[in-house]
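Peer 1:
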Amino acid sequence: MADTNNGNGTPEAVVDEPVVEEAATNTAEDIKASAEEAVKKGAASAEAAADAMKKSAATAKDTINEAIKQVEKQVGNLSKALGGALQDRANVVMVRVNDESLSYLDVLVEADITKSRSESAAFLINEGIKANSGLFEQIRSITDQIAALKAQLRETVNIE
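The numbering of the sequence shown is our numbering, which starts it at -8 and goes up by one.
Okay, structure coming up:
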């Protein structure tokens, strides 16, 4: 089949002779058999596609469920840590924070991990201390030495 222009700018379909002759020689049975085969292949392809889609959906569902379990586990861990950080909070400290730090405090409140900015600050301070426990041990050791030297200095001054 070829397209030609009929002179007014509209394309016109022209049928090639060999195609017409070939179609005429096909019997009704050949056409029916070809149609049935195509339907079978189409049905098999559709079933295969449906199976693939079901498997993809199942895999996606499993992945989402696993992600939800991980998030729940993390929230549980955070809740435990938060509980420890918020126990025995009898001391009040006021601090000034920059906008970035404030946004982190607000993230914890918005995620319902803490109930207030104050709880968020206490939680983050506690976690910071845990994360840097080695450093704080060194600081404590040195400040203990400084306190001992100051006491020794006071004794020396009082004796004289």
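Backbone N, C-alpha and C fix where the C-beta goes; we use that ideal spot for every residue, glycine too.
For a test of the three-state rule: what should DSSP assign to K106, helix, strand or coil?
Peer 2: Coil at K106, not helix or strand.
Peer 1: Since A138 is in the alpha helix (DSSP H), which residue starts that stretch and which ends it?
Peer 2: Its alpha helix (DSSP H) spans residues 124 to 150.
Peer 1: Below 8 Å between beta carbons: does that hold for A113 and R80?
Peer 2: Taking 8 Å as the Cβ cut-off, A113 and R80 qualify as a contacting pair.
Peer 1: With distances taken from CA atoms, which of I116, G67, N82 is nearest D103?
Peer 2: Comparing Cα-Cα distances from D103 to each of I116, G67, N82, the minimum goes to G67.
Peer 1: Would you call the CB atoms of L99 and S109 closer than 8 Å?
Peer 2: No, Cβ-Cβ distance for L99 and S109 is not below 8 Å.
Peer 1: Between which two residues does the alpha helix (DSSP H) carrying V98 extend?
Peer 2: Residues 90 to 101.
Peer 1: If you draw a straight line from the alpha carbon of A49 to that of L115, how long is it in whole angstroms?
Peer 2: Their Cα atoms are separated by approximately 39 Å.
Peer 1: May I ask you to report which of helix, strand or coil DSSP gives M44?
Peer 2: If DSSP states are grouped into helix, strand and coil, M44 belongs with the helices.
Peer 1: Run through DSSP, which three-state label would V66 get?
Peer 2: Three-state DSSP puts V66 in a helix.
Peer 1: Which class does V56 belong to by DSSP, given the choice of helix, strand or coil?
Peer 2: Reading off the sequence, residue 56 comes out as Asn, not Val. Three-state DSSP puts N56 in a helix.
Peer 1: Pick helix, strand or coil for A39, following the three-state DSSP scheme.
Peer 2: A39: helix per DSSP, three-state reduction.
Peer 1: Straight-line CA distance for M44 to K52?
Peer 2: Distance between the alpha carbons of M44 and K52 is about 12 Å.
Peer 1: Is it buried or exposed for T153, if we count other Cβ within 10 angstroms and need 16 for buried?
Peer 2: Within the shown structure, residues of the chain are numbered from -8 to 151, placing residue 153 beyond reach of any answer.
Peer 1: Taking a contact to mean a Cβ-Cβ separation below 8 Å, would you say I133 touches F127 in this structure?
Peer 2: Their beta carbons are not under 8 Å apart, which means I133 does not touch F127 by this criterion.
Peer 1: Just the C-alpha distance for N149 and V84, rounded to the nearest angstrom, thanks.
Peer 2: Their backbone Cα atoms lie some 36 Å apart in a straight line.
Peer 1: Under a three-way DSSP split, which group does A112 fall into?
Peer 2: Three-state result, A112: helix.
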